[in-house]
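Numbering (my numbering), first residue to last: 459 to 609.
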């Protein structure tokens with residue numbers, strides 16, 4: 459008997475001077491190029507907040523400091539027949555290590571204006587990319603204390 463479960467992912471919504479930090483990625487060969495927030499799957503044993511910090515570093519070479527939760531999102535990808543639960547965090551980045559190799563499948567990390575993000579909507583990895591930005595722009599900010607991690 460197969461047990462269904464969603465995939466837990468984390469994402470960083472990082473805005474600086476009106477531009478958003480996004481990654482250009484090719485998740486699997488032949489799938490095409492996508493635009494996404496720094497995001498990925500939660501690793502075993504790490505907290506949701508730790509996952510967002512790790513994924514941002516691995517995909518952008520920036521150190522991410524989460525300050526608040528932007529939202530929790532559920533989305534079913536018909537392309538891969540998978541349901542995702544995404545925890546999106548807002549915050550800022552500090553140190554950047556341009557010599558750090560980016561995660562497999564990540565071509566580059568860049569800063570995009572809202573107009574540029576809108577113009578490339580057909581390249582978004584999922585509808586969650588734009589929804590997270592809209593929620594960020596709407597001022598959605600929830601305290602990190604909503605999340606509790608037990609080991």
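Ideal Cβ positions, reconstructed from N, Cα and C, are used throughout, including at glycine.
query	result
Delimiting residues of the beta strand (DSSP E) encompassing residue 548	540 to 554
Helix, strand or coil at residue 464 [DSSP, three-state]	coil
Top-ranked residue by Cα proximity to residue 483, from 582, 511, 520, 471	582
Contact test: residue 596 Cβ vs the ligand SAH heavy atom, cutoff 7 Å	You won't find the ligand SAH in this model; it holds no ligand whatsoever.
Secondary structure of residue 532, DSSP reduced to three states	strand
For residue 604, the three-state DSSP class (helix, strand or coil)	helix
Every unbroken beta strand (DSSP E) within the stretch 564 to 589, with a cutoff of 3 residues, ordered by chain	564 to 571
Counterpart residues of residue 524 in DSSP-defined beta bridges	549
Secondary structure of residue 609, DSSP reduced to three states	coil
Cβ separation of residue 550 and residue 523, assumed to be a contact under 8 Å, to the nearest whole Å	6 Å
Burial state of residue 592, where buried means 16 or more other Cβ atoms lie within 10 Å	exposed
Alpha carbon of residue 493 to alpha carbon of residue 478, nearest angstrom	11 Å
Opposing strand residues paired with residue 470 [DSSP bridges]	547
Check whether residue 590 and residue 471 have beta carbons under 8 Å apart	yes
Own chain residues within Cβ distance below 8 Å of residue 491, not counting five before or after	482, 483, 484, 565, 581
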